[in-house]
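Colleague:
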Amino acid sequence: MSTQAEQADVSPQPAPDAGAARHLRAAGQGTLGILADLIEQERPIFAMPSWFVTEDSAQVGFLLSELVRELGAAPPGTAYRSFFANSRYEALHGAVKLLRHRALATAGSHGGRVLVLDPDGTLGRRADPLGEGPERALVPGLVTCPTPDALREALSTDSYCGLVVRDPESVDPAELTALAKLARAQGARIALDLADADPLQLRSPATAAARPDLVVVGESLTGYEVPFGAFIGTHDMFAPWSTPATGFLHSNTYGGNTVAMRAVQRQLLRRWNAEAPVHRVLAAATKDWQRTLDLYARHVNPMTVRMHRKLRGALHVVRAKGSRLTVQLDSGRRLELVDGLCGAGLGVNGHNPTDALTDVVRNHDPDRDYVAELRRVLAEESGLPHTFPAVSGASAVENALILARLARPERRRIVVFKHNYGGKTLVSLLATAATRTRAPFAPLYEDIVHIDPYAADAADEFRTQIASGQVGLVWIELVHGSSDSYGPIPGALLDVVARGRTDDGYLVGVDEVLTSFYRCGRRFAHQGRLPEIDLMSLSKALSYGCFPTGAALVSDAVHDAATKTNPQLVTELREHHAGRLGAHFALQAIAQVDALQLDRRVAALSEVVRTGIAGMRRRSPSVGRRFAEGLLGRFEVRLPRLLRRFIEPDGELMTFSMMLWWVTRARAFVVYDVFLLPLIATEDEIRQVMRSAQELSRTSPYRLLAQVARFHAEETLRGALRWARSATHKSSPTGSNT
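Per this note's numbering: the sequence shown = residues 29 to 766.
1) Please confirm whether Ile67 and Thr286 have their CB atoms less than 8 angstroms apart.
2) For Gln479, list the residues DSSP reports as bridge partners.
3) Express the C-alpha separation of Asp358 and Tyr398 in angstroms, rounding to a whole number.
4) Alpha carbon to alpha carbon, what distance is there between Asn427 and Arg436?
5) Nearest to Asp177 by CA position, among His554, Leu204, Ile714, Ala225, is which residue?
6) Beta-carbon separation of Leu626 and Tyr546 under 8 angstroms?
7) What does DSSP give as the partner residue(s) for Lys349 in the beta ladder?
8) Just mark Thr756 as buried or exposed, buried being the case when its beta carbon has 16 or more other beta carbons within 10 Å.
9) Using a Cβ-Cβ cutoff of less than 6 angstroms, which residues in the same chain neighbour Arg53 once the five nearest sequence positions on both sides are dropped?
10) What's the C-alpha gap between Ala325 and Thr332?
11) Work out the CA separation of Asn301 and Asp37 for me, nearest whole Å.
12) What are the boundary residues of the alpha helix (DSSP H) that Pro233 is part of?
13) Compare the beta carbon distance of Asp562 and Val524 with 8 angstroms and say whether it is the shorter of the two.
14) Whole angstroms are fine: how far does the CA of Ala520 sit from the CA of Arg491?
15) Would you call the CB atoms of Arg654 and Ile641 closer than 8 angstroms?
16) Identify which residue in Leu609, Asp367, Gly578 has its Cα closest to the Cα of Gln57.
17) Does the region 617–635 come within contact of the region 368–386, defined as at least 3 CB pairs closer than 8 angstroms?
18) Mind checking whether Leu688 and Ala342 have CB atoms under 8 angstroms apart?
19) Cutting at 7 angstroms between CB atoms, please list the residues of its own chain near Met644, excluding the five before and the five after it.
20) To the nearest angstrom, how far is it from the Cα of Pro471 to the Cα of Val167?
21) Going by other Cβ atoms of all chains shown within 10 Å of its Cβ, with 16 needed for buried, is Asn391 buried or exposed?
22) Grouping DSSP H, G and I as helix and E and B as strand, with all else coil, what is Val388?
23) Considering Arg194, what are the terminal residues of the beta strand (DSSP E) in which it resides?
24) Once DSSP output is grouped into helix, strand and coil, what is the label at Thr692?
25) Using a Cβ-Cβ cutoff of less than 7 angstroms, which residues in the same chain neighbour Leu60 once the five nearest sequence positions on both sides are dropped?
26) So, using beta-carbon positions, are Asp146 and Gly152 closer together than 8 angstroms?
27) Could you compute how far the alpha carbon of Arg194 sits from the alpha carbon of Glu160?
28) Beta-carbon separation of Ala487 and Asp480 under 8 angstroms?
29) At the level of alpha carbons, what is the spacing between Leu323 and Pro394?
30) Between which two residues does the alpha helix (DSSP H) holding Arg308 run?
31) What residue range is occupied by the uninterrupted alpha helix (DSSP H) comprising Pro176?
32) Check for me: the beta strand (DSSP E) holding Gly373 runs from which residue to which?
33) Could one say the Cβ of Ser567 lies closer than 8 angstroms to chain B's Cβ atoms, at least one of them?
34) The alpha helix (DSSP H) with Arg672 in it runs from where to where?
35) For the pair the region 573–586 and the region 548–559, tell me if three or more CB-CB distances fall below 8 angstroms.
36) Here's a check: name, in chain order, each residue in its chain whose Cβ is nearer than 6 angstroms to the Cβ of Phe266, leaving out the five neighbours to either side.
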């Protein structure tokens, strides 16, 4: 439940003026109070992408369900699910993806087209930065209209799988009802964008008139102080993302973070008086983990809860400090772990560093232009003088890709190397070279070429593409944290990219979201490997493990060319997500890189990692390929031929078993096959993880599965004894144990 600090300063703020470019507002005492409480109490803010469940996120899912149920006059007990994003635009992209996926079976009739009422044109400009039309846009199949009349005409001339209405309160309810009826006659589903609606005043006739399948909300639910977005729909609407295979098909790193969740909860709770039934539901779930999981399954993601329950609390993070996490198992037992995931690489100084409280939260000056200061610091760091603020890694990549298209309008082709991960918005997805992740969301921008950087003919294939004269951008993530790659992109291929940049005129962009500030041993992973770049995306290190933020950085040449092509969009991208609190945390993160001497620290710890991996059994029964770059690395899970007849190496049984082995045997928070070790870990902590890796390499899969089975049995017994003690206590006349 919310604390006194969270209840302060919660008066709803008006939406930004229609002509205002900057969207995020200065942080008030309520937001700063949330951060102070979390840091002081050592509560996890980010722990892991997609799988992070907290009491706050479960309760926000329930409150959003109640909000949408009331708006649509749905019967009591109607349950809605939410997907948490980092901005209204990320939520809108997620809603479009779900509309397409839900209608995949009928794609032949509508081609994945989604029609959007976009009165201010901001969504349309990002989707089609060059104004080339929905067939050739960066996000194809998104047809935007400025007025209801234009929307009606479009509905009468073509078929669509979805209709998105932005600012529905500006549309006459009768007209909106008629438009929704026309769309539904085609089989299209309806989404309403209420991102600027005041949660206290929202009594929407538009929502009731349209009976939407999805509702999008945004930063109005945080007072425009914390990046946030969500899309909310019925369980039927979310059916495509409700199986073990698809439950995490759409995801993001920061969604559901505890700062945003508490800010949203603070605003939403003011909608209901103290006697409202919602308070009884929240009170019953408070400090009851199983009820929290029930709420999360019903109102956020049942597949996440399925995983949590199968892992018996191994993902239930209750404390985060520095390089360590504490998880609480379902039996009540607590385990202190070395954090081998670091929130997927978040944070320069671990979880909840003291200076985040003393130097940032308590000394934050809302009138100080931290955004301008960050721009100057990032220019010195990178040599790229222009900063475009973001609220996530995906939005940083998205900004970079849009700017690259504006800077090279005559060259449509983008080269992305296979195994690259850019994000999952409809633009950043272009830099995600994973067929399964992209397939259900067509149409996508087609002029993308994926080259396998580890193939013997990679350099020749790259030269062939460049010879076409069509390539405008080469986008590179030098070290990957997933997929089948077990090493950085080969230097010989990077040499070819570098030599062709000047002669052929294409841009080179690097994704440093995961790899920056010594995660991979260098300050930036591309340093010493690419002599010059034109664009860069940053995010995770800048967050300082406390606040969602990011940036795209570009050269003078890119900035000037993009501005010449579309000055309005360049201004919007530069200003919209410029937030002073996020910039303050980023400045603190960069300052601490040198204050903590991370260059020396990571160099020493990387040697411990290299030595540890070298000491793993070469012909291991359970580990195949392995690699490490700095403090990032992966192990390939191997199974004997007999077991492969019954178990997939990357299937659910082996994935869960490997995770449990790491948590319960190695006392390290490592998710399956990837590790992202803390930059501020002690040498003993790194040695602990490496000793465990060596033990894993000597442990047969049969023995590993047996050890995990024993853990399940022991936890079942502990849980039964705990329940018996509790039942005895409750039945005793004195209320004491007998």
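The beta carbon of each residue, even a glycine, is placed where N, CA and C say it ideally should be. Model, not experiment: these values are computed from the prediction.
Modeller: On the basis of the supplied data:
1) Along the sequence shown, read from residue 1 onward, the residue named residue 67 stands at position 39. Along the sequence shown, read from residue 1 onward, the residue named residue 286 stands at position 258. The Cβ atoms of Ile67 and Thr286 do not sit closer than 8 angstroms to each other.
2) Counting from 1 along the sequence shown, the entry for residue 479 is found at position 451. The residue you asked about is not Gln; residue 479 is Ile in the sequence shown. Note: Ile479 sits in a beta bridge opposite Phe445.
3) One-based indexing of the sequence shown puts residue 398 at position 370. One-based indexing of the sequence shown puts residue 358 at position 330. Approximately 43 angstroms between the Cα atoms of the pair.
4) Taking the first residue of the sequence shown as 1, we reach residue 436 at position 408. Taking the first residue of the sequence shown as 1, we reach residue 427 at position 399. In a straight line, the C-alpha of Arg436 is about 14 angstroms away from that of Asn427.
5) Locating residue 177 in the sequence shown gives position 149, where the first residue counts as 1. Nearest C-alpha to Asp177: Leu204.
6) Taking the sequence shown and counting its residues from 1, one reaches residue 626 at position 598. Taking the sequence shown and counting its residues from 1, one reaches residue 546 at position 518. In contact: Leu626 and Tyr546 (Cβ atoms closer than 8 angstroms).
7) Indexing the sequence shown from 1 puts residue 349 at position 321. Within the DSSP bridge table, the entry for Lys349 names Arg352 as partners.
8) Along the sequence shown, read from residue 1 onward, the residue named residue 756 stands at position 728. It counts as exposed.
9) Residue 53 sits at position 25 when you count from the first residue of the sequence shown. Only Tyr252, Glu253 meet the Cβ criterion.
10) Along the sequence shown, read from residue 1 onward, the residue named residue 325 stands at position 297. Along the sequence shown, read from residue 1 onward, the residue named residue 332 stands at position 304. Looking at the two C-alpha atoms, the distance is approximately 7 angstroms.
11) Position 9 of the sequence shown, counted from the start, is the residue given in the question as residue 37. Position 273 of the sequence shown, counted from the start, is the residue given in the question as residue 301. For Asp37, the predicted model reports a pLDDT of 42, less than 50, meaning its position is unreliable and no value from the coordinates is stated.
12) As a first step, residue 233 is located in the sequence shown; it is residue number 205 there, counting from the start. That run of the alpha helix (DSSP H) goes 233–238.
13) Working through the sequence shown from its first residue, we reach residue 562 at position 534. Working through the sequence shown from its first residue, we reach residue 524 at position 496. The answer is no: Cβ separation not under 8 angstroms.
14) Along the sequence shown, one-based indexing puts residue 491 at 463. Along the sequence shown, one-based indexing puts residue 520 at 492. If I take the Cα positions, the gap works out to 13 angstroms.
15) For the purposes of this step, residue 654 is taken as residue 626 along the sequence shown, with counting starting at 1. For the purposes of this step, residue 641 is taken as residue 613 along the sequence shown, with counting starting at 1. A contact, by the Cβ cut-off of 8 angstroms.
16) As a working mapping, residue 57 is identified with position 29 in the sequence shown. Checking every option, the nearest Cα to that of Gln57 belongs to Leu609.
17) yes
18) By 1-based counting over the sequence shown, the position of residue 688 is 660. By 1-based counting over the sequence shown, the position of residue 342 is 314. Against a cut-off of 8 angstroms, the Cβ pair of Ala342 and Leu688 comes out as a contact.
19) Taking the sequence shown and counting its residues from 1, the one referred to as residue 644 is at position 616. The residues are Val651, Arg654, Ala721, Gln722, Ser725.
20) Working through the sequence shown from its first residue, we reach residue 471 at position 443. Working through the sequence shown from its first residue, we reach residue 167 at position 139. Those two C-alpha atoms are separated by around 8 angstroms.
21) Position 363 of the sequence shown, counting from 1, holds the residue named residue 391. With fewer than 16 Cβ atoms within 10 Å of its Cβ, Asn391 is classed as exposed.
22) Here the question's residue 388 lines up with position 360 in the sequence shown. Judged by DSSP in its simplified three-state form, Val388 adopts helix.
23) Sequence index remark: in the sequence shown, residue 194 carries index 166 (1-based). Arg194 -> beta strand (DSSP E) spans 190–194.
24) For the purposes of this step, residue 692 is taken as the residue at position 664 of the sequence shown. Helix.
25) Sequence index remark: in the sequence shown, residue 60 carries index 32 (1-based). If we look at Leu60 and ignore the five residues flanking it on each side, its Cβ neighbours are Val389, His392.
26) Taking the sequence shown and counting its residues from 1, one reaches residue 146 at position 118. Taking the sequence shown and counting its residues from 1, one reaches residue 152 at position 124. In this structure, Asp146 sits near Gly152, with a CB-CB distance shorter than 8 angstroms.
27) On the sequence shown, residue 194 is found 166 positions in, with the first residue counted as 1. On the sequence shown, residue 160 is found 132 positions in, with the first residue counted as 1. Glu160 has its alpha-carbon roughly 22 angstroms from the corresponding atom of Arg194.
28) On the sequence shown, residue 487 is found 459 positions in, with the first residue counted as 1. On the sequence shown, residue 480 is found 452 positions in, with the first residue counted as 1. No.
29) Counting from 1 along the sequence shown, the entry for residue 323 is found at position 295. Counting from 1 along the sequence shown, the entry for residue 394 is found at position 366. The alpha-carbon atoms of Leu323 and Pro394 are separated by roughly 36 angstroms.
30) Position 280 of the sequence shown, counted from the first residue, corresponds to residue 308. From DSSP, the alpha helix (DSSP H) with Arg308 extends over 305–313.
31) In the sequence shown, counting from the first residue as 1, residue 176 sits at position 148. Taken as a continuous stretch (DSSP letters only), the alpha helix (DSSP H) holding Pro176 covers 176–185.
32) Stepping through the sequence shown from its first residue, residue 373 is reached at position 345. Counting along the chain, Gly373 falls outside any beta strand (DSSP E), though it belongs to the alpha helix (DSSP H) covering 370–373.
33) Absent from the structure: chain B. Only one protein chain is present.
34) Here residue 672 refers to the residue found at position 644 when the sequence shown is read from its first residue. That run of the alpha helix (DSSP H) goes 669–672.
35) no
36) Taking the first residue of the sequence shown as 1, we reach residue 266 at position 238. Closer than 6 angstroms at the Cβ level, and outside the excluded window around Phe266, lie Arg109.
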